[in-house]
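**Student:** Going by numbering that gives the first Met the number 0, the first residue of the sequence shown is number 0, and it counts up by one from there. Structure provided below as structure tokens; questions to follow.
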Amino acid sequence: MIDIAYILFFILFLWWIAGLRIVNEYERGVILTLGKYSKTFSPGIKWILIGIQKMMKVDIRITTVDIPRQEAITKDNVPVGINAVVYFRVVKAEDAILKVENYTYAVSQYALAALRDIVGGVELDTLLTERESIAAEIKKVVDVETDPWGIDVTAIKMQDIELPAGMKRMMAAQAESEREKRAIIIKAEGEVKAAENLRKAAEILSAVPGGLSLRTLGTIDKLQPDPSKTVIFALPVEILEGLKSLTGSRKNSGE
0 MIDIAYILFF
10 ILFLWWIAGL
20 RIVNEYERGV
30 ILTLGKYSKT
40 FSPGIKWILI
50 GIQKMMKVDI
60 RITTVDIPRQ
70 EAITKDNVPV
80 GINAVVYFRV
90 VKAEDAILKV
100 ENYTYAVSQY
110 ALAALRDIVG
120 GVELDTLLTE
130 RESIAAEIKK
140 VVDVETDPWG
150 IDVTAIKMQD
160 IELPAGMKRM
170 MAAQAESERE
180 KRAIIIKAEG
190 EVKAAENLRK
200 AAEILSAVPG
210 GLSLRTLGTI
220 DKLQPDPSKT
230 VIFALPVEIL
240 EGLKSLTGSR
250 KNSGE
């Protein structure tokens, strides 16, 4: 009789040991009792009734799902290849288990469909220049659809946008044309500014007696002529102006 009691006690002890479960800090344990949801375990050492209860662990850390390259057509009928990455986490473990069979696959499929739909509604220029806002719009759509599953989509990143070869060449030519255009504009603006500065300098020198003569002498000095071969005569502008006036007076008197 005592031996039977020990055997029963040992069997019960093994049964109790077999029911022990460890739920990690980054997990939640969804408990089904006879196939029906009963509770969700938080982290720690837990115990379930073997044969009656079943525990399914759910990882609540952020999960990354890669959306492979997808072909899409923009609003202006340009075919593009796009791949993206979805970041999401489970916020309600029981819904992720009970309301969808494979929540990771379901999230990726919703993201793929939303990607095609939204890209098809924008033009190529918008897709290239407003990538972040388009990704945010895709995230919003996917987040709304997956919220009943206890899923929170934290971010969607559009990684690569591949264009047709002909479109790449055309865009490269357009970019080169824009660079040349900017260079011409910058050069023209520089010439206008230089001309304006020269005009102001001429006005200042003209207002100072002998100013233009000093400017002329400075220019001659920079020429660095060979003294053995070159003779330069520098006359003040005032003398030339005086000679011009004198010549004009004689002509008038001769008439």
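Cβ atoms here follow ideal geometry from the backbone N, Cα and C, with glycine treated the same way.
1. How far does the alpha helix (DSSP H) with L127 in it extend, from its first residue to its last?
2. Which same chain residues, not among the five before or five after V140, have their C-beta less than 6 Å away from its C-beta?
3. Nearest-angstrom Cα distance between A4 and L13?
4. Between which two residues does the beta strand (DSSP E) holding S37 run?
5. Using a Cβ-Cβ cut-off of 8 Å (strictly less than) and excluding sequence neighbours within five positions of R20, which residues of its own chain qualify?
6. Thinking just about the alpha-carbon of each residue, which of I185, V57, W15 and N76 is nearest to the one in A92?
7. Do L33 and I49 have their C-beta atoms closer together than 8 Å?
8. Would you mind stating whether A110 and A83 have Cβ atoms separated by less than 8 Å?
9. Tell me the DSSP bridge mates of I155?
10. Here's the rule I'm using: 16 or more other beta-carbon atoms within 10 Å means buried, otherwise exposed. How should T63 be labelled?
11. Let me check one thing: in DSSP terms, what residues is A71 bridge-paired to?
12. How would you call G149, buried or exposed, if buried means at least 16 neighbouring beta carbons within 10 angstroms?
13. Would a C-beta distance cut-off of 8 Å place L66 and V85 closer than the cut-off?
14. Using beta-carbon positions only, say whether E122 and D75 come within less than 8 Å of one another.
15. Between the C-alpha atoms of R68 and S132, what's the straight-line distance to the nearest angstrom?
16. Alpha carbon to alpha carbon, what distance is there between I81 and S107?
17. Count the other CB atoms, across all protein chains shown, that sit within 10 Å of the CB of A193; report buried if there are 16 or more and exposed otherwise.
18. Looking only at its own chain, which residues have a Cβ that is under 6 Å from the Cβ of I96, when we skip the five neighbours before and after it?
19. Give the secondary structure of E195 by DSSP, where H, G and I count as helix, E and B as strand, and everything else as coil.
20. How is E144 classed by DSSP in three states: helix, strand or coil?
21. Please confirm whether K180 and I155 have their CB atoms less than 8 Å apart.
22. Could you check what DSSP says for R27 in three-state terms: helix, strand or coil?
23. Name the one or two DSSP bridge partners that T63 has.
24. Taking only three categories from DSSP, how would you classify L111?
**Tutor:** Reading it off the structure:
1. L123 to T128
2. A113
3. The straight-line gap separating the alpha-carbon atoms of A4 and L13 is approximately 14 Å.
4. K35 to F40
5. G28, F40, I44, K45, W46, I47 and M54
6. It is V57.
7. no
8. yes
9. V85
10. exposed
11. For A71, the beta-bridge partners assigned by DSSP are V79.
12. Counting Cβ neighbours within 10 Å, G149 comes out buried, since at least 16 surround it.
13. For the sequence presented, residue 66 should be read as Ile rather than Leu. In contact: I66 and V85 (Cβ atoms closer than 8 Å).
14. Yes, they are a contact pair.
15. Distance between the alpha carbons of R68 and S132: 20 Å.
16. 14 Å
17. The residue in question, A193, is exposed, as its Cβ has fewer than 16 Cβ neighbours within 10 Å.
18. V29 and M55
19. In this structure, E195 counts as helix in the three-state DSSP scheme.
20. Residue state, collapsed to three classes: helix.
21. At least 8 Å separates the beta-carbon of K180 from that of I155.
22. strand
23. Y86
24. helix
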